[in-house]
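Trainee: Sharing a structure here in structure tokens format.
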DNA sequence: GTCTATACACCGATAGAC
DNA sequence: GTCTATCGGTGTATAGAC
């Protein structure tokens, strides 16, 4: 079912769908909009996603987790000094959200009504990410408790500055927050 | 139109409606649900809010701004040392979101599709709040630039830890973040 | 794999009795 | 001020031709 061309097409298809869910949320995204941005008819969407809107969101969610993993969290495993890995993680997150101009689909769908099982999956994923971040903080010399706190604080700062920057309509605020984080990670291990 | 009893009733009415918008978002909240939680028929809701769902959200939004102002930001104007006012602001925010168990309606509706005018109103409100926070930080001895950064960082931390704590289903994470903020505000001016 | 046409439920909203 | 009944519109989803 997946020819070489269709693999690329599927990526652009998913990307178009993602745009709608990002800006409208799960409930706000309608099949009419989803069909329009993809250039397909509604019925054609059901060929690609027999489960309808719920399946689209599910696929996009897994996709977003994979992308964020690849863009950001994978860098925690590189063969570099711990502090440098943390800095590169921050940069990866920065890139994933397009420097504050785009929201994170996981956060968008995680607050919504996609069902308890999905929320639990997202929570599990976040717990894993926090653990891994804490592990790297430990490598920089922090005690476990402090490392855990730093990991939580880092994620909170990234998502929080993304949120407030978007509420304000000023992506620059997010960029400045990222810059500060980079700086503080630099200083901590200078 | 507003007898003494109806004033109290209106508060509980608004509170019920708020619960639906908080958990379902604007698009996700249906008139059927809104009617059910209030114990009224759909048609009766239109007596209280002739503008329908949009008016309910608008009223609730203004209400939330007023509540957050009263619970938290008003404390920045008290006759106390600046650092103590900041600490009391944090505690007020903590109380407003019920120690991390409840989301902030402004953040929920702000990301949504309530129209450009509302988003601009929310952005303006946040800018004002940031300015006022920065002003108090200046009073603690910080230079304007640093004060502005601290204000942005404080709001980002509060909203970010609220977001991540809720994604994780662990309000305790928010409470710990609040505790840390209090502590750092204590140390900064010990 | 995409389309047109359509089913059918539910949405927001209104009419009008009480 | 609340209700029942109902409207028109749109939402998700499907049938079936091509």
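Residue numbers (the numbering used here), protein chains in the order written: chain A, 1097 to 1286; chain B, 1097 to 1286.
Every residue, glycine too, gets a C-beta built ideally from N, C-alpha and C.
Would you verify that the beta carbon of residue 1160 of chain B is, or is not, closer than 9 angstroms to some beta carbon of chain A?
Mentor: no
Trainee: Would you call the stretch 1258-1277 of chain A and the stretch 1213-1231 of chain B in contact, with 3 or more CB pairs under 8 angstroms?
Mentor: yes
Trainee: Terminal residues of the continuous alpha helix (DSSP H) containing residue 1199 of chain A?
Mentor: Note, residue 1199 of chain A: premise wrong, no alpha helix (DSSP H); not H, not E.
Trainee: Suppose you measure from the CA of residue 1177 of chain A to the CA of residue 1276 of chain B; what does that come to, to the nearest Å?
Mentor: Between the alpha carbons of residue 1177 of chain A and residue 1276 of chain B lies a distance of about 28 angstroms.
Trainee: Taking contact to mean at least 3 C-beta pairs separated by less than 8 angstroms, is the stretch 1107-1124 of chain B in contact with the stretch 1133-1143 of chain B?
Mentor: yes
Trainee: Inspect the CB distances between the stretch 1166-1177 of chain A and the stretch 1144-1151 of chain A and report whether three or more fall short of 8 angstroms.
Mentor: no
Trainee: If contacts are defined as beta-carbon pairs under 8 angstroms, then residue 1256 of chain A and residue 1257 of chain B qualify, I think. What distance do you get, rounded to the angstrom?
Mentor: Their Cβ separation, rounded to whole angstroms, is 7 angstroms, which keeps residue 1256 of chain A and residue 1257 of chain B in contact under 8 angstroms.
Trainee: Run through chain B and tell me which residues come within less than 7 angstroms of residue 1123 of chain A, C-beta to C-beta.
Mentor: 1121, 1123 and 1124
Trainee: Taking only the alpha-carbon atoms, compute the straight-line gap between residue 1164 of chain B and residue 1203 of chain B and give it to the nearest angstrom.
Mentor: 12 angstroms
Trainee: Given 8 angstroms as the limit, is there contact between the stretch 1191-1200 of chain B and the stretch 1243-1250 of chain A, that is, 3 or more CB pairs closer than that?
Mentor: no
Trainee: Can you tell me whether DSSP reads residue 1174 of chain B as helix, strand or coil?
Mentor: coil
Trainee: Identify the contact partners of residue 1248 of chain A in chain B, using a Cβ-Cβ distance below 8 angstroms as the criterion.
Mentor: 1257, 1260, 1269, 1272 and 1273
Trainee: Just by C-beta distance, which residues in the stretch 1213-1228 of chain B are closer than 7 angstroms to chain A?
Mentor: Residues of the stretch 1213-1228 of chain B with a Cβ closer than 7 angstroms to any Cβ of chain A, in chain order: 1218, 1219, 1222 and 1223.
Trainee: Report the CB separation of residue 1189 of chain A from residue 1156 of chain A in whole angstroms; it is logged as a contact under 8 angstroms.
Mentor: Going by Cβ atoms, the distance from residue 1189 of chain A to residue 1156 of chain A rounds to 18 angstroms, so no, they are not a contact pair.
Trainee: Starting from residue 1128 of chain A, find everything on chain B with Cβ-Cβ shorter than 7 angstroms and list it in chain order.
Mentor: Neighbours of residue 1128 of chain A on chain B: none; closest Cβ ~14 angstroms, over 7 angstroms.
Trainee: Just verifying my parser: in three-state terms, what is the DSSP assignment at residue 1156 of chain A?
Mentor: Correct three-state label for residue 1156 of chain A: helix.
Trainee: Do we get a CB-CB distance below 9 angstroms when we pair residue 1167 of chain B with the residues of chain A?
Mentor: No, its Cβ sits nowhere closer than 9 angstroms to a Cβ of chain A.
Trainee: Starting from residue 1146 of chain A and walking both ways along the alpha helix (DSSP H), at which residues does that stretch end?
Mentor: From DSSP, residue 1146 of chain A is part of no alpha helix (DSSP H); its letter is neither H nor E.
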